[in-house]
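Counted the way this note's numbering counts, the sequence shown spans residues 1409 to 1595. Cβ atoms here follow ideal geometry from the backbone N, Cα and C, with glycine treated the same way.
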Amino acid sequence: LEDLDEDIEELRSELDDAPVEREALQSHRKEVEASLTEAREQATQLRADLKNARETVAEAERLLEEGKCPECGQPVDDSPHVETIDEDRERVETLASDLETAEDRVETLEAKRERAAEFVETDAELARREESRENVAELIEQKAETLDGKSERVSELREAAEEYETAAEEADAAADAAEAKAQEARE
């Protein structure tokens, strides 16, 4: 019982670090998983957008090298469309930065999800230990009641044995007295 109490106390101590109360651990884990899924989807979308933007810039740069407008493919000759390539490059930089931020968020949420899962496992183990403790305490109480009952029965039997022993001694004394009278009467 003491070992269970120590285990329970240790598990409760671990749960003290949880970001939510014990009753809310499951829902917290689900919320973190939902946030992680959303963050992964956002990162995937940003990767696709970044890939497309890089391809657009690469195609525009190739056309410029050939002396053609990146928008319409016509000869450059002071085309106003040439300036949009700088905007595309800035978009690539912005998307790359956004993607890095999104990937950092995914990494943070993965660690948070792992920790939330650990808290849920600790809570489940704590519940098992608390149930075991209740069962052991109940068993101890039942054994104590059984022992008390047997102890009372032993006391009753001892009293009965003493009464029988006293009665036997009295019967022996009476038999001895009767035999002595009988002996006297025969003489």
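- Closest in C-alpha terms to Arg-1523, from the list Ala-1426, Arg-1420, Ser-1421, Asp-1415, comes Ala-1426.
- Straight-line measurement puts the Cα of Ala-1519 at about 20 Å from the Cα of Ala-1532.
- For Ala-1461 and Leu-1444, the gap between their C-alpha atoms comes out near 25 Å.
- About 46 Å separates the beta carbons of Val-1528 and Asp-1496, which is beyond the 8 Å limit, so they are not a contact pair.
- Nearest to Asp-1415 by alpha-carbon distance, out of Gln-1591, Glu-1553, Ala-1590, Thr-1530, is Thr-1530.
- Taking C-beta atoms under 8 Å as the contact rule, Leu-1454 and Arg-1541 fail to qualify, at a distance of about 50 Å.
- Setting aside the 5 residues that flank it on each side, Leu-1412 is surrounded in the same chain by Arg-1537, Ser-1540, Arg-1541, Val-1544, each with a C-beta closer than 8 Å to its C-beta; the list follows chain order.
- The C-alpha of Val-1428 is placed about 12 Å away from the C-alpha of Glu-1422.
- When the five nearest sequence neighbours on each side are left out, the beta carbons in the same chain lying within less than 6 Å of the beta carbon of Arg-1499 are those of Ala-1461, in order along the chain.
- A straight line joining the alpha-carbon of Asp-1584 with that of Glu-1567 spans about 25 Å.
- Taking each of Lys-1476, Glu-1463, Glu-1508 in turn and checking the Cα distance to Thr-1452, the smallest one comes out for Glu-1508.
- If you look at Val-1428, you'll find it isn't in any alpha helix (DSSP H); DSSP assigns it neither H nor E.
- Leaving aside the five residues that flank Ala-1525 on each side, the residues in its chain whose CB is nearer than 8 Å to its CB run, in chain order, Arg-1437.
- The C-alpha of Gln-1550 is placed about 14 Å away from the C-alpha of Ser-1559.
- A straight-line Cα-Cα distance of about 22 Å links Ile-1548 and Ser-1563.
- Glu-1573 and Leu-1555 have their alpha carbons spaced roughly 26 Å apart.
- Going by DSSP, Glu-1422 is part of the alpha helix (DSSP H) stretching over 1410-1423.
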